[in-house]
Amino acid sequence: MTINHTRLLQTFVELGINSYRQRGTDILKKLYFRFIAYFTTGLFIFLVYFITLFILLNQLIYPEDSHKFLYVIDSSIIYFPSTLIFTFCFITGGILFCLFLVRPLYLIISSISNLSRGNYTISEKAFTKNGKLKWYNFMYREVIINIKDLGNKLQETEIEREKLEVAKTDWLASVSHDLKTPLSYITGYSSLMLNKNHSFSEEEMLTFLNNIYTKGIYIEKLIDELSLTFFIDSHNKIHLKHTQVEIVSFLRNLIADITNNPKSEKHIFEFHTDLQHLNLVIDETLMYRAIYNLLINCVEHNPSGTEIDVVLTQKSDEIYININDNGIGINPETLNDIFAKYYSSKNQNTQNKGLGLFIVKQIIDAHEGNISVSSIMGKGTSFQIMLKQHKP
Numbered sequence: 002m003t004i005n006h007t008r009l010l011q012t013f014v015e016l017g018i019n020s021y022r023q024r025g026t027d028i029l030k031k032l033y034f035r036f037i038a039y040f041t042t043g044l045f046i047f048l049v050y051f052i053t054l055f056i057l058l059n060q061l062i063y064p065e066d067s068h069k070f071l072y073v074i075d076s077s078i079i080y081f082p083s084t085l086i087f088t089f090c091f092i093t094g095g096i097l098f099c100l101f102l103v104r105p106l107y108l109i110i111s112s113i114s115n116l117s118r119g120n121y122t123i124s125e126k127a128f129t130k131n132g133k134l135k136w137y138n139f140m141y142r143e144v145i146i147n148i149k150d151l152g153n154k155l156q157e158t159e160i161e162r163e164k165l166e167v168a169k170t171d172w173l174a175s176v177s178h179d180l181k182t183p184l185s186y187i188t189g190y191s192s193l194m195l196n197k198n199h200s201f202s203e204e205e206m207l208t209f210l211n212n213i214y215t216k217g218i219y220i221e222k223l224i225d226e227l228s229l230t231f232f233i234d235s236h237n238k239i240h241l242k243h244t245q246v247e248i249v250s251f252l253r254n255l256i257a258d259i260t261n262n263p264k265s266e267k268h269i270f271e272f273h274t275d276l277q278h279l280n281l282v283i284d285e286t287l288m289y290r291a292i293y294n295l296l297i298n299c300v301e302h303n304p305s306g307t308e309i310d311v312v313l314t315q316k317s318d319e320i321y322i323n324i325n326d327n328g329i330g331i332n333p334e335t336l337n338d339i340f341a342k343y344y345s346s347k348n349q350n351t352q353n354k355g356l357g358l359f360i361v362k363q364i365i366d367a368h369e370g371n372i373s374v375s376s377i378m379g380k381g382t383s384f385q386i387m388l389k390q391h392k393p
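Just add 1 to the spot in the sequence shown (first one is 1) and you have this note's numbering.
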């Protein structure tokens, strides 16, 4: 059975795009109900105005018999003054009604219609040249301003969504390639081992099996990251399994593990701390992944001979883990997006999937901590993790 890896990966990230579309819909619903409330209030005021006008004119024309309604034409006499007064009031009321109710309503309806068509700028007719709302729109001031703010937010969201689409496409292509490469090794070595026309020595067979195992572990780690990302998208949080961990020995063991990684054999690792013993309540598995990803990121993006220092300090109930290197540094443009989902390094020699540092930040945030990064081109990069010391 053939697996469409690109489609599988696209399914994992689809929720990340849909979340942006939902934001505009929720705001439109709120504006709709607010618009109905304003319209109902305005209509009520208009009806009260007209009923009051009729009563006042009736009392003016029939002071001795005010219970009658206004009659412009009596049985024998035409009341020209009353006709003129009524006509003037009716026309004035109609103009005011159109100016204060109908015209702003048309502006609101057309603006909402424009939003649905992807035009996020409200009509300039609603504002003066100085950018202030015109006086006859005052009754719907809050609605019009909210629609304008909504348009600005939707426009920002659309720009962000387009960037995310481009990043997602590039990321899917990168991950698809990274999946196919180890799979080609696995299928290639497997086919050699299954070929009865060739006989291999035990040492060669062990080499084949070791390569298959290594590539399988690589794929497993990649799928784990994809699964975690999918879980974050669908649940918007990470469930932690808190345990009490002795953080000094935890970091020493982690650094020993990454030092034994073949990728790290030409890099220099050091660990510095004045603490002898420190317990910290964390999810040990996820925290291991987060710090390991930061260290392997330093390895993959810096040349051989780079020094990577891990420094553990404590200030009151705050624990700081600093990871510093004297490598090539990160340019400011890249630094702004380094924790973004699907961000991928421009360095083609690395195997950055655009998920590693995104997942790191999600894990640190789930621990109610903070992660920051600073860098100077040509001098190196520093990551700082801050964690709170909570009681178990």
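All residues carry an ideal CB built from backbone N, CA and C; glycine is no exception. Bear in mind that the values here come from a model prediction, so they are computed numbers and not experimental data.
Distance between residue j and residue i (C-alpha atoms, nearest Å)
i	j	result
I292	K197	46 Å
F396	I259	Since the first and last residues shown for the chain are 2 and 393, residue 396 lies out of range.
F359	L287	13 Å
N147	L116	12 Å
G357	R290	9 Å
K362	S202	47 Å
I309	S191	38 Å
S112	L165	27 Å
V249	G189	43 Å
E334	N298	18 Å
M378	I329	6 Å
L279	T182	42 Å
K316	F251	19 Å
D275	V311	12 Å
N1	T215	There is simply no residue 1 to check, as the chain begins at 2 and stops at 393 in what is shown.
N114	T158	The sequence as given places Ser at residue 114; Asn does not occur at that position. The alpha-carbon atoms of S114 and T158 are separated by roughly 18 Å.
H243	K222	22 Å
T208	E247	38 Å
Residues of its chain near residue i, where Cβ-Cβ distance is below 6 Å and the 5 sequence neighbours each way are ignored
i	result
Y321	T314, M387
F384	L295, I324, V374
Residue environment, residue i, which counts as buried when at least 16 other CB atoms sit within 10 Å
i	result
D150	exposed
V144	buried
D153	Going by the sequence as given, residue 153 is Asn instead of Asp. Burial call: exposed.
S376	buried
L227	buried
L281	buried
D284	buried
V167	exposed
N303	buried
I218	exposed
K394	Because the chain here runs from 2 to 393, residue 394 falls outside it and cannot be looked at.
Short Cβ contact (8 Å threshold) for residue i with residue j
i	j	result
H368	L241	yes
D193	I220	Strictly speaking, residue 193 in this sequence is Leu, with Asp absent from that position. Not a contact, by the Cβ cut-off of 8 Å.
D449	Q245	In this structure the chain extends from 2 to 393, so residue 449 is not present and cannot be described.
G306	K267	yes
I213	I187	yes
I364	N371	no
Chain-order list of residues whose beta-carbon lies under 7 Å from that of residue i (same chain, five-residue window excluded)
i	result
L229	I360
G381	N325, D326, N327, G328, G330
A341	F359
L336	V374, S376
F272	L252, R253, I256, V311
Contacts around residue i, its chain only, beta-carbon distance under 8 Å, and the 5 residues preceding and following it disregarded
i	result
I339	I331, L358, V374
L184	K216, I220
Proximity test, Cβ basis, 8 Å: residue i and chain B
i	result
F251	Absent from the structure: chain B. Only one protein chain is present.
Entirely enclosed beta strand (DSSP E) segments - the stretch 249-324, minimum 3 residues
269-274, 280-283, 308-316
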